[in-house]
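Undergrad: I have a structure I would like to understand better, so I am pasting it below and will then ask my questions one at a time.
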Amino acid sequence: MEKEENQNSTSVDQNQDATKENGKPEENLVEENKQDKDQEPQEEIKEQTPEEKIAELEDKVARTFAEMENQRRRFEKEKEDAFEYGGYSFAKEALSLIDNLDRSKHVLESDDKLKETEALKKTLEHLDIIKKDLISIFEKNNIKSIESLNKKLDPNFHQAMIEIEDDTKEPGTIIQEIQKGFTIKDRLLRPSLVGVSKKVTIKEEKTKENQENQENK
């Protein structure tokens, strides 16, 4: 019996030794894996040289100064526009005074009871004086009327309202001014409303030819 126990004890010891040799505890495996990872080559972070840092700072400073300069220019432009065109809205509304004077003059001239009267003549003279004074005040403030009659239509200053058949004028020539336009310095205050010439239609030309032929017969 003692012999068998000794043999069993010997075999157990041998198995434990084999386990120690062949197998490794989990902690040892984790440690070895960690060591293997530590041994893997890592990408090195390249540190900027003093010259590169200086160049980067110079670029940032240049960008900042450029942005500040752009802001300064925008501010100067806004200030200049406010000074030059600050009265734009007021001037545009003031033009209605001239329009009302023209309408009043037209109404008085169309009144049959007032025609050829001394009262009408004096009233029209006073209206003309008031209109001239207004235009003079406008011109002193760089508000000027747009010349339109007998000029070619310019979309920048004129707005065509009607076309009038007229062979004596080149097509697109302004032959009627419905409402006078104005500018303030180099900016359009309101366009002139005009009527422009166009060629007589072929249908009307044929009608005229037929009439002439009949007259000749």
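Adding 29 to a residue's 1-based position in the sequence shown gives its number in this note's numbering. The beta carbon of each residue, even a glycine, is placed where N, CA and C say it ideally should be.
Since THR152 is in the alpha helix (DSSP H), which residue starts that stretch and which ends it?
TA: 147 to 169
Undergrad: At the level of alpha carbons, what is the spacing between LYS214 and GLY116?
TA: 12 Å
Undergrad: Leaving out five residues on either side along the sequence, give the residues of the same chain with a beta carbon under 7 Å from the beta carbon of ASP162.
TA: none
Undergrad: Quick check on ASN51: does DSSP put it in helix, strand or coil?
TA: The predicted position of ASN51 is uncertain, since its pLDDT is 49 and thus under 50; a value taken from the coordinates is nonetheless stated next. ASN51 falls in the helix class under three-state DSSP.
Undergrad: Could you give the DSSP three-state label for THR93: helix, strand or coil?
TA: helix
Undergrad: Would you identify the three-state DSSP class for VAL229, choosing helix, strand or coil?
TA: Of the three classes helix, strand and coil, the one that applies to VAL229 here is coil, per DSSP.
Undergrad: Using only the alpha-carbon positions, how far apart do LYS134 and GLU96 sit?
TA: 57 Å
Undergrad: Can you check whether the CB of SER177 is closer than 8 Å to the CB of ILE203?
TA: yes
Undergrad: Are the CB atoms of ALA120 and LEU218 nearer to each other than 8 Å?
TA: yes
Undergrad: Between LYS82 and LYS106, what straight-line distance do the alpha-carbon atoms span, to the nearest angstrom?
TA: 37 Å
Undergrad: Identify the continuous beta strand (DSSP E) that holds PHE186 and give its terminal residues.
TA: Run containing PHE186: none; DSSP gives neither H nor E here.
Undergrad: By the 10 Å Cβ neighbour count, where 16 or more other Cβ atoms means buried, how is MET30 classified, buried or exposed?
TA: Model confidence at MET30 stands at a pLDDT of 49, short of 50, so the residue's coordinates are unreliable and nothing is read from them.
Undergrad: Just how far apart, CA to CA, sit ASP128 and GLU154?
TA: For ASP128 and GLU154, the gap between their C-alpha atoms comes out near 16 Å.
Undergrad: Roughly how many angstroms separate the alpha carbons of SER221 and LEU143, rounded to a whole number?
TA: 31 Å
Undergrad: By a C-beta neighbour count over all protein chains shown, 10 Å radius and 16 as the cutoff for buried, is GLU145 buried or exposed?
TA: exposed
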